[in-house]
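In what follows, a structure is listed as structure tokens, so that the remarks can point back to it.
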Amino acid sequence: MNKVAIMEARARAELFSETAERMNVAEAIIEKDFWVCWVLKQLFSNKAFEGRLLFKGGTSLSKIFKAINRFSEDIDLAVDYETLGFNGENDPRQENISNTKRNKILGKMMEECQRYIGGEFLDLLGKQFRETLGAGHGWGLEVSKDDKNVVLFHYPAASTKRLAYLGPQVILELGTHAEFVPRDRFAIRSFAGEHFPKVVVDNDVPVVALLGKRTFWEKVTILHVEYHRPEDKQIPDRYSRHFYDVAMMAEGKIKEEALADRELLAQVVKHKETFYSSGWARYDLAKAGSLRLVPPKNRRGALEQDHKKMAAMIFGDPPSFGWILDRLAKLENEINK
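Quick note: to get our numbering, add 85 to the position in the sequence shown (first position is 1).
Listed below in structure tokens is the structure:
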């Protein structure tokens with residue numbers, strides 16, 4: 086992959102253009118997908134990060150499990166908080182501690198994670214990138230000014246066919262509020278590598294990632310929380326993607342694996358009660374018999390508009406929001422039996 090990363094921009098653009106033509110998708114998506122995979126390869130081939138990072142979220146559903154047809158441009162990474170010193174008396178999972186003490190630990194954990202991101206993590210990754218890309222060759226790496234848990238990699242864009250909603254940067258979202266189980270090792274490839282393996286040599290990207298069934302229950306509980314969101318609280322931007330992802334997973338193997346492991350749902354709920362405590366989330370109802378996936382009627386209009394905005398990121402013909410609601414209703418009934 087490094088050969089492509091440093092090749093002449095015109096040749097790189099031609100590679101992305103030919104891949105885009107074969108797949109009938111935008112060239113900018115192919116280019117960004119290459120750099121997402123390249124960054125993942127740097128992360129999971131660096132021994133300094135071994136055991137400290139876990140790949141999860143929508144991009145893992147797309148690239149590893151092929152469970153969704155949505156192009157997910159972000160890299161969602163969990164940082165093992167125990168490696169930052171949060172174990173023993175500093176472990177927020179301790180039983181019989183007050184909410185005040187737990188929240189204090191979680192606050193310190195976030196501060197320490199941000200210190201790690203802006204210090205050691207950024208330094209190591211920057212050094213690794215410079216060894217391949219050189220210094221000052223149209224790329225940059227920085228912590229986001231808007232969110233200290235986000236690192237932005239501005240890649241050296243070769244394609245001139247840009248998309249308004251898809252900037253030439255890879256977004257790395259890092260946080261400590263995730264569990265590392267169950268996980269496994271996988272290998273993924275960029276779209277360009279899949280179509281032109283003789284050009285994109287050394288294109289297998291090894292990653293350590295959360296299993297699909299865990300991500301299924303993580304997303305299902307997001308939808309459950311959204312059902313209970315108070316009317317005066319606005320749904321976060323781009324949240325329709327979670328409804329789409331769950332509806333798509335309901336069609337495949339991941340759902341069967343998840344439904345066969347109801348104990349994992351209980352583990353996810355317990356974890357969220359600890360790390361994402363909320364007075365209105367109703368985690369106590371996030372179980373068979375009372376789980377909610379279909380959004381209330383007063384939320385559907387905003388979610389449908391958000392889904393339409395996301396349609397350009399879906400390969401092929403995007404499903405209607407009505408189809409998503411119908412699929413979620415069936416899944417909700419299936420879980421609650």
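Built from N, CA and C at the ideal position, the CB exists for glycine as well.
Whether residue i touches residue j by CB criterion (9 Å)
i      : j      : result
Ala263 : Leu378 : no
Phe438 : Ala277 : Residue numbering for the chain in the displayed model covers 86 to 422; residue 438 lies beyond these limits and cannot be assessed.
Val293 : Arg274 : no
Lys298 : Leu376 : no
Asp159 : Val255 : yes
Phe238 : Gly225 : yes
Thr261 : Ala163 : yes
Ala332 : Leu218 : no
Leu413 : Leu344 : no
Lys246 : Glu93  : no
Leu125 : Cys198 : no
Asn131 : Met195 : no
Val284 : Leu100 : yes
Asp161 : Glu167 : no
Ser244 : Met398 : no
His280 : Met395 : no
Arg155 : Asp330 : yes
Lys117 : Pro241 : no
Gly192 : Val228 : no
Val310 : Ala351 : no
Thr104 : Ile115 : yes
Phe400 : Glu342 : no
Ala236 : Leu209 : The sequence as given places Val at residue 236; Ala does not occur at that position. Going by C-beta atoms, Val236 is not nearer than 9 Å to Leu209.
Ser362 : Arg187 : yes
Boundaries of the alpha helix (DSSP H) in which residue i is found, first to last residue
i      : result
Ile114 : 112-129
Asp165 : No alpha helix (DSSP H) holds Asp165; DSSP gives it neither H nor E.
Phe91  : Sequence check: residue 91 is Ile here, not Phe. Segment 87-91, the alpha helix (DSSP H) holding Ile91.
Phe406 : 406-421
Ala294 : That residue, Ala294, is in no alpha helix (DSSP H); its beta strand (DSSP E) goes 290-295.
Ala94  : 94-108
Asp330 : 325-334
Val379 : It is not in any alpha helix (DSSP H) - Val379 carries neither H nor E in the DSSP assignment.
His313 : Run containing His313: none; DSSP gives neither H nor E here.
Contacts around residue i, its chain only, beta-carbon distance under 7 Å, and the 5 residues preceding and following it disregarded
i      : result
Asp287 : Met86
Tyr368 : Val354, Lys357, Glu358
Glu303 : Val353
Gly337 : Ala152
Arg347 : Ala373
Leu248 : Ala111, Ala113
Pro403 : Ala396
Counted within 10 angstroms of its Cβ, other Cβ atoms place residue i as buried (16 or more) or exposed
i      : result
Trp34  : A question about residue 34 goes unanswered here, because the residues of the chain that appear run from 86 up to 422.
Gln127 : buried
Ala220 : exposed
Arg200 : exposed
Ile149 : buried
Val266 : exposed
Ala152 : buried
Asp317 : exposed
His392 : buried
Glu419 : exposed
Trp408 : exposed
Lys422 : exposed
Gly147 : Looking at the sequence provided, one finds Ser at residue 147 rather than Gly. It is buried - the Cβ of Ser147 has at least 16 other Cβ atoms within 10 Å.
Ala373 : exposed
Glu216 : exposed
Ala335 : buried
Glu180 : exposed
Lys230 : exposed
Thr306 : buried
Lys340 : buried
8 Å CB neighbourhood of residue i in its chain, flanking five on each side removed
i      : result
Leu388 : Ile320, Tyr324, Ser325, Phe328, Pro380, Phe406
Asp269 : Val293, Ala294, Leu296
Asn383 : Glu316
Phe214 : Gln127, Trp224, Leu226, Phe238
Spatial neighbours of residue i in its chain, beta-carbon cut-off 6 Å, leaving aside the 5 residues before and after
i      : result
Gly136 : none
Ala272 : Asp289, Pro291
Phe360 : His262
Ser102 : Glu112
Gly223 : Pro241
Continuous beta strand (DSSP E) stretch holding residue i: start and end
i      : result
His222 : Counting along the chain, His222 falls outside any beta strand (DSSP E), and DSSP gives it neither H nor E.
Glu258 : 254-260
Phe269 : Per the sequence shown, residue 269 should be read as Asp rather than Phe. Here the beta strand (DSSP E) through Asp269 covers 268-273.
Leu237 : 235-239
Phe140 : 138-141
Check: residue i C-beta below 8 Å from any heavy atom of the ligand ADP
i      : result
Gly203 : Looking at this structure, you won't find the ligand ADP or any other ligand, since it has none at all.
9 Å Cβ cutoff, residue i in contact with chain B
i      : result
Cys198 : This model lacks chain B altogether; it includes just one protein chain.
Tell me whether the stretch 141-157 and the stretch 169-178 touch, counting them as touching only if at least three CB pairs, one residue from each stretch, are closer than 8 Å. no
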